[in-house]
Amino acid sequence: MKTIVITGASSGIGYATAKTLAKGNRLILCGRRLDRLQQLQKELEDTTSMILQFDVADKEQVFTAFNNLPNDWKAVDVLINNAGNAHGLSSFQEADISDLDAMIDSNVKGLIYVTKACLPYLQTSTNAHIVNLSSIAGKQAYANGATYCASKWAVEALTKGMRIDFLPLGIKVTSVAPGAVETEFSLVRFKGDETKAANVYKGFEPLTAQDIAENIAFVINQPKHVQVADVTILPKAQGDATNILKL
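For reference, each letter of the sequence shown is one residue, going 0 to 246 in numbering that gives the first Met the number 0.
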């Protein structure tokens with residue numbers, strides 16, 4: 000049995016990952032939306048779980064939440080840094096500065112805050128593992144996504160640097176980089192415009208949150224001596240960040 004922390008557990012990939020990893024593990028479900036976390040906890044009624052409500056971009060909230068973990072939850076084995084979003088799809092010169100701030104704050108600072116806050120607990124595990132959710136955008140920049148891409152390139156760099164720094168600590172570090180996944184991602188990016196969000200996934204079969212959850216489960220369930228460093232997952236119809244075959 001592992002004790003697993005999942006950020007952004009209230010929807011999308013985080014939600015699917017919680018459902019996938021529920022059997023035989025203890026889950027710390029993290030997110031901003033308490034009602035959704037409570038609903039997820041009800042759905043996982045056969046799983047031992049607890050809720051931490053915070054915004055990953057708020058350093059004080061993050062450290063307060065983890066510093067106040069009950070003692071019997073402080074032996075953490077796995078941290079899944081899933082929380083993060085894209086905000087807007089505009090050229091850099093036209094982008095709203097608040098959108099750019101939001102992406103850096105959640106995708107980069109949030110990952111740093113949560114990892115630093117959770118690190119003392121991970122060091123108590125004999126098989127600790129950190130999984131950082133990156134993106135194909137962390138490997139290939141594209142037009143109108145400069146800052147989102149930059150935030151995910153930062154995730155890639157942090158993952159590689161952590162893997163080196165944490166060698167003496169025995170902590171595995173993995174980057175999971177999805178391509179087009181149909182979740183709330185585009186709905187958030189387009190600020191609730193359901194038509195624009197739906198159009199992103201028309202004409203091809205995108206990945207699902209479950210597809211990513213199963214890959215996360217795969218990497219954390221490898222033997223103790225095996226460290227999967229990097230996983231890039233694309234739908235069959237996607238060749239790279241900008242080339243998708245739509246019928």
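Glycine included, C-beta positions come from ideal geometry on N, C-alpha and C.
- Message: On a Cα-Cα basis, can you pick out the residue from D57, M49, A85, S89 that is closest to D71?
- Response: M49
- Message: Rounded to whole angstroms, what is the Cα-Cα separation between L247 and A74?
- Response: Nothing about residue 247 can be read from this structure; the chain reaches only from 0 to 246.
- The beta strand (DSSP E) with D239 in it runs from where to where? From DSSP, D239 is part of no beta strand (DSSP E); its letter is neither H nor E.
- Find out if the Cβ-Cβ distance for the pair M102, Y147 is shorter than 7 angstroms. yes
- The beta strand (DSSP E) enclosing G13, as first and last residue numbers: Note, G13: premise wrong, no beta strand (DSSP E); alpha helix (DSSP H) at 11–20.
- Task: Output the boundary residues of the alpha helix (DSSP H) element that contains G109.
- Result: Unbroken alpha helix (DSSP H) run through G109: 109–121.
- With DSSP as the reference, label G137 as helix, strand or coil. helix
- Task: Count the other CB atoms, across all protein chains shown, that sit within 10 Å of the CB of M0; report buried if there are 16 or more and exposed otherwise.
- Result: Answer is exposed; the Cβ neighbour count stays below 16.
- Item | Local Cβ density within 10 Å of N80, reported as buried at 16 or more and exposed below that | buried
- Item | Three-state class that DSSP yields for T146 in the structure shown | Helix at T146.
- Under 8 angstroms Cβ to Cβ from A15, same chain only, skipping five residues before and after it: list those, please. T207, A208, Q209, I211, A212
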